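S.K.: Starting off with a structure, shown below.
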Amino acid sequence: MYRHHGAALAAALSAVMLLAGCGTSGTNAGAGNSGKDIISVYGSEPAHPLFPGNTTESGGGWVVDELFAGLVTYEDGKLQENGVDPKATLSGLKAVDDKTIDVRMSQPDSAFPVKMGSHAFMPLPESAFKDPKTFGEHPVGNGPYKFESWTHNSSIVMTKNPDYHGNRVPKNDGLTFKIYTSPESAFADLKSGNLDFTSMIPASSRGSFLTDKSIKAYNMPGGGTLTIAVPENLKHFGQNEEGSLRRQAISMAVDRNLIAKKIFNDTVSPAVDFLAKPINGYSTDIKGNDALSFNAAKAKELWAKANAISPWNGDFRIAYNADGGHKAWVDAVSNSIKNTLGISAQGSPMATASEFASDVDAGKMTTAFRSGWGPDYPSPDNYLVQLFASSSADGKGANIVNYKNPAFDALMDKALSASSSDSANDYYHQGEALLMQDLPQIPLWNENGTSASTLDVSGVKFNYSGGPIMTSITKK
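Those letters in the sequence shown? Residues -20 to -1, 1 to 456, per mature numbering (1 follows the signal peptide of the UniProt record, and there is no 0), in order.
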């Protein structure tokens, strides 16, 4: 899925680079390891160099997660870039000693302690700032694994880091991310024994993989969300009455329950909230969430009201990366919209996730497009503030549709200043009610953590977001 990390936090990178011993480069492949337990896993070509604060999608995120360690770690879900001047001088920060930093904040932020585990706050060595380009191709991290090599469009290899002393010590000797252009190819390799583990199940196998005796299958609740992003610069979809009516109509024209069953084999849950189920604050009772329920009659009514403001013409297109297994559900969503509203609707594929992510980041999308979110830290803030606050728009963060609503921003500020999670959640829910009206992104499903491995793999566990804990995986 397209996974956008907290690039707006990137300015804090330089402040934390000295807080941890930042590992060693991989000059001796497999040094200190037996080399007998290297786990091969599914990967996709990263869209950017492997620099934590500028890692904006899954292909790079999976790798960065293993090469670097944040200032906090999330255990079993119990804890609840662009546009940033890389040479900016930060204020309010004081290094107390090599392992302690004092932070003075301009305003309260109840989510700040949880944010410390996100990519933007991962400690970096001085070499990252002296030569970022070289570092991005050959990163030196402080995480459980150390970088060995990156053969573009082929593989990324890392081995167990002997200098890592945190709570994620690997039980295997290393990882090889084999880079694929389709989940189907990876799944075929898995079944033939040429790949140990994949967290990308192709649509064609979702109906059978859970009962396939030739592999081990996993299906766990996850923190990922899947949406349709509708940029406000699209004709007929501005942040105005017409745009709101059309987004509501599109949303109500999608039969989420049917598609979840027929396409995903119930490995996703129809969205009723902008948050995912494992996150503290998730609710099935958000005001206005009937906009996320299939209602053909209401969808037609709202579309007609929008046409009275400005008649519709043309196609409704949903862009997606063809190498991510999205075609089946995008086609199903498009057909549901077409059949309900009587308009032309279809998918618009782009070749690779890297190309797709680059165009999204650059604001070049001229259609609606599939989007998704894998949380950087387990807090409503990560889903709401990072994705929809005005401060995250215009290339400053993950607000990729440039949604701006002062009333929403004010509620998010109150949530971050709240003295308790219950109080914060009340403000978050009020903010979500506004999002249900405007639908800058249209929630479709919450994604389960679906994965598969060969029969000789064991120790597979999942984190709060539904992602695999790579350090726990072993094989016979």
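All residues carry an ideal CB built from backbone N, CA and C; glycine is no exception.
Being a predicted model, the structure only gives us computed values, none of them experimental.
For a test of the three-state rule: what should DSSP assign to Q366, helix, strand or coil?
M.R.: Working through the sequence shown from its first residue, we reach residue 366 at position 386. Three-state DSSP puts Q366 in a helix.
S.K.: Let's test the definition: count the other Cβ atoms within 10 Å of the Cβ of D265 and tell me whether it reaches 16, buried, or not, exposed.
M.R.: In the sequence shown, counting from the first residue as 1, residue 265 sits at position 285. D265 is exposed by the Cβ-count criterion.
S.K.: Please say whether P88 and S397 have beta carbons closer to each other than 7 Å?
M.R.: By 1-based counting over the sequence shown, the position of residue 397 is 417. By 1-based counting over the sequence shown, the position of residue 88 is 108. Contact: yes.
S.K.: For E212, which residues from the same chain have a beta carbon less than 8 Å from its beta carbon, with the 5 sequence-adjacent residues on both sides left out?
M.R.: For the purposes of this step, residue 212 is taken as the residue at position 232 of the sequence shown. For E212, where only same-chain residues beyond five positions count, the Cβ hits under 8 Å are G218, Q219, G223, V381, N382, Y383, P420.
S.K.: With a threshold of 7 Å on Cβ separation, who are the neighbours of L190 within its own chain once the five nearest residues in sequence on each side are excluded?
M.R.: Locating residue 190 in the sequence shown gives position 210, where the first residue counts as 1. Taking L190 as the centre and dropping the five residues before and after it, the same chain places the C-beta of A197, N199 closer than 7 Å to its C-beta, in chain order.
S.K.: Do the region 290 to 304 and the region 335 to 344 make contact, defined as three or more Cβ pairs closer than 8 Å?
M.R.: Touching, per the Cβ criterion.
S.K.: Does the structure place the region 135 to 142 close enough to the region 154 to 170 that three or more beta carbon pairs sit under 8 Å?
M.R.: yes
S.K.: Counting pairs of Cβ atoms below 8 Å between the region 286 to 303 and the region 317 to 324, do you hit three or more?
M.R.: yes
S.K.: On the DSSP letters alone, give me the boundaries of the alpha helix (DSSP H) that M232 sits inside.
M.R.: Position 252 of the sequence shown, counted from the first residue, corresponds to residue 232. Its alpha helix (DSSP H) spans residues 221 to 232.
S.K.: Please state whether DSSP places F31 in a helix, a strand or coil.
M.R.: Position 51 of the sequence shown holds residue 31. DSSP places F31 in the coil class of the three-state scheme, outside both helix and strand.
S.K.: In or out: S314 buried (at least 16 other Cβ within 10 Å) or exposed?
M.R.: Position 334 of the sequence shown, counted from the start, is the residue given in the question as residue 314. Answer is buried; the Cβ neighbour count reaches 16.
S.K.: Taking all protein chains shown into account, decide if E106 is buried (16 or more other Cβ within 10 angstroms of its Cβ) or exposed.
M.R.: Locating residue 106 in the sequence shown gives position 126, where the first residue counts as 1. With fewer than 16 other Cβ atoms within 10 Å, it is exposed.
S.K.: So which of F31, V44, N426, D143 has the shortest CA-CA distance to T114?
M.R.: Start at 1 with the first residue of the sequence shown, and residue 114 comes out as number 134. Across the set F31, V44, N426, D143, the C-alpha of F31 shows the shortest separation from the C-alpha of T114.
S.K.: CB I208 to CB A348, shorter than 7 Å?
M.R.: Counted from its first residue, the sequence shown places residue 208 at position 228. Counted from its first residue, the sequence shown places residue 348 at position 368. Result yes, Cβ atoms of I208 and A348 sit closer than 7 Å.
S.K.: Is it true that the region 442 to 449 meets the region 386 to 400, where meeting means three or more beta-carbon pairs spaced less than 8 Å apart?
M.R.: no
S.K.: Could you say which of I289, G39, K151 lies nearest to S162 if we only look at CA atoms?
M.R.: The sequence position of residue 162 within the sequence shown is 182, counting from 1. Closest option to S162, Cα to Cα, is G39.
S.K.: Let me know the secondary structure DSSP gives V381 once reduced to three states.
M.R.: Along the sequence shown, one-based indexing puts residue 381 at 401. Reduced to three states, the DSSP call for V381 is coil.
S.K.: Buried or exposed: where does A277 fall if 16 or more other Cβ atoms within 10 Å of its Cβ makes it buried?
M.R.: The count along the sequence shown starts at 1 and reaches residue 277 at position 297. That one is exposed.
S.K.: Quick check on the burial criterion: 16 or more other C-beta atoms within 10 angstroms. Buried or exposed for L175?
M.R.: The residue you call residue 175 lines up with position 195 of the sequence shown. L175 is buried by the Cβ-count criterion.
S.K.: Using the C-alpha atoms, what's the distance from V310 back to A395?
M.R.: On the sequence shown, position 415 is the one that residue 395 refers to. On the sequence shown, position 330 is the one that residue 310 refers to. Their backbone Cα atoms lie some 34 Å apart in a straight line.
S.K.: Once DSSP output is grouped into helix, strand and coil, what is the label at residue 485?
M.R.: No answer is possible for residue 485: it lies beyond the span of the chain, which begins at -20 and ends at 456.
S.K.: Please identify the residue among S359, T80, A100, S433 whose C-alpha is closest to the C-alpha of A35.
M.R.: Taking the first residue of the sequence shown as position 1, residue 35 is located at position 55. With the sequence shown as reference, residue 35 is identified as Thr, and Ala is not the correct amino acid for it. Checking every option, the nearest Cα to that of T35 belongs to A100.
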